[in-house]
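Here is the structure we will look at.
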Amino acid sequence: MKKILKTSLFFLLSVFVALVIFFFGFLKIAPMEHNADAKLVGDMIWYDAPDGGIGFKILESAHPEYRIKITMNSPDEVYYEGPFIYKGSELDEVTLTDLGSYFGEDIDLTNGEKLVPTQ
Numbered sequence: 022m023k024k025i026l027k028t029s030l031f032f033l034l035s036v037f038v039a040l041v042i043f044f045f046g047f048l049k050i051a052p053m054e055h056n057a058d059a060k061l062v063g064d065m066i067w068y069d070a071p072d073g074g075i076g077f078k079i080l081e082s083a084h085p086e087y088r089i090k091i092t093m094n095s096p097d098e099v100y101y102e103g104p105f106i107y108k109g110s111e112l113d114e115v116t117l118t119d120l121g122s123y124f125g126e127d128i129d130l131t132n133g134e135k136l137v138p139t140q
């Protein structure tokens with residue numbers, strides 16, 4: 022009985038190690054690339070989504086500080102407008118196509134970095 026338990030434990034541990042190697046060795050976890058659903062609507066970028074979509078407009082820019090208007094459901098429904106600061110090192114300037122997603126606080130950029138609210 023003890024030998025069966027050891028064999029089973031060894032098998033489970035082997036499967037776990039193999040899964041860890043698979044996930045970290047073969048799967049690439051990458052930041053969101055430029056979304057094919059993104060559309061430029063005038064001077065804003067709009068991402069269609071089942072829940073209505075989201076849009077971004079850069080009102081003022083003095084890198085690393087930006088004033089951004091965020092719209093949801095339609096380009097006319099303003100959800101938030103305010104100052105953000107770039108918290109990254111890869112970009113010399115944030116452009117519309119760099120803005121990727123928003124979940125209530127930070128704006129996630131397409132390269133994996135963030136704009137965070139300053140207030």
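Going from the sequence shown to this note's numbering is simple: count from 1 and add 21. Glycine included, C-beta positions come from ideal geometry on N, C-alpha and C.
Note down, in chain order, each residue of its chain lying with its Cβ closer than 8 angstroms to the Cβ of residue i, except the 5 sequence neighbours on either side.
i: residue 109; result: 130, 132, 134 and 135
i: residue 73; result: 93, 94 and 95
The beta strand (DSSP E) spanning residue i covers which residue range?
i: residue 81; result: 75 to 83
i: residue 122; result: 120 to 123
i: residue 129; result: 128 to 130
i: residue 65; result: 65 to 68
With DSSP as the reference, please indicate the residues paired to residue i in a beta bridge.
i: residue 92; result: 76 and 99
i: residue 145; result: One cannot answer for residue 145 here, as it falls past the ends of the chain, which runs 22 to 140.
Quick one: grab the DSSP three-state call for residue i.
i: residue 53; result: Legend: pLDDT at residue 53 = 44, less than 50; position of this residue unreliable, value from coordinates given subsequently. Correct three-state label for residue 53: coil.
i: residue 36; result: helix
i: residue 61; result: strand
Beta-carbon within less than 6 angstroms of residue i's beta-carbon, same chain only, minus the 5 sequence neighbours each way: which residues are those?
i: residue 84; result: 114
With a CB to CB cut of under 7 angstroms and the five nearest residues on each side skipped, what residues in its chain are close to residue i?
i: residue 49; result: Residue confidence for residue 49 is low, a pLDDT of 46 falling below 50, so the modelled location carries little weight and cannot support an answer.
Item to complete: Check whether the region 115 to 125 touches the region 74 to 84, counting contact only when three or more Cβ pairs, one atom from each stretch, lie closer than 8 angstroms.
Response: yes
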